[in-house]
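Peer 1: Numbering (UniProt numbering), first residue to last: 1 to 162. Even for Gly, the Cβ is constructed at its ideal location relative to N, Cα and C.
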């Protein structure tokens, strides 16, 4: 952590994320033009637990957008999975998806970090052979969508109002 780094904060007791800030450099501003991206070093170092006795359960940190920053400035976080064994300074990849240049000052609330439990099996079985079958099968995007059922009818084949 460098001296200008701003410690992450939780805004309310029910907030699930900690807010991340730009370093509090004096007389420094960052300008990200529309369609461009910038890798911002927060100066914050996280130390997530790495415990081999948890049968594959790990805590990962996810860097996510702040809705107000995305809405007002067009800035979106474009990457952000932090593995538990990473020990460097947290960097945020920002992209300006807006139509105007985004100007960011020091000490500005820019993103949030969420801590998510993940499971990483010690052994992962990958096969090049035929897959096992499941109810979903190989249906991809929208693959769990339930197809509409035919309307119920009464004895005289008139539809029932629902």
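1) Taking all protein chains shown into account, decide if residue 6 is buried (16 or more other Cβ within 10 angstroms of its Cβ) or exposed.
2) Reducing DSSP to helix, strand and coil, say where residue 235 ends up.
3) Can you say whether residue 111 is buried or exposed, counting buried as having 16 or more other CB atoms within 10 angstroms of its CB?
4) Please list the terminal residues of the continuous beta strand (DSSP E) segment that includes residue 113.
5) Tell me residue 61's beta-bridge partners as DSSP assigns them.
6) Can you say whether residue 36 is buried or exposed, counting buried as having 16 or more other CB atoms within 10 angstroms of its CB?
7) Distance, Cα to Cα, residue 42 vs residue 122?
8) For residue 63, which residues of its own chain have a beta-carbon under 6 angstroms away from its beta-carbon, when the five flanking residues on both sides are left out?
9) Are there 16 or more other CB atoms within 10 angstroms of the CB of residue 14, so buried, or fewer, so exposed?
10) Helix, strand or coil, according to DSSP, for residue 161 in the structure here?
11) Since residue 96 is in the beta strand (DSSP E), which residue starts that stretch and which ends it?
Peer 2: Taking the definition as stated:
1) Buried, by the Cβ-count rule.
2) In the structure displayed, the chain extends from 1 to 162; residue 235 sits before or after that span and is not available.
3) Flag for residue 111 reads buried.
4) 109-119 is the extent of the beta strand (DSSP E) around residue 113.
5) DSSP lists 82, 115 as partners of residue 61.
6) Taking every protein chain shown into account, the CB of residue 36 has fewer than 16 other CB atoms within 10 angstroms, so this residue is exposed.
7) The straight-line gap separating the alpha-carbon atoms of residue 42 and residue 122 is approximately 32 angstroms.
8) Result list for residue 63: 77, 80, 92, 111, 113, in chain order.
9) Exposed, because fewer than 16 other Cβ atoms sit within 10 Å of the Cβ of residue 14.
10) With a pLDDT of 49 at residue 161, under the threshold of 50, the modelled position of that residue is not reliable, and no figure is offered here.
11) Residues 89-96.
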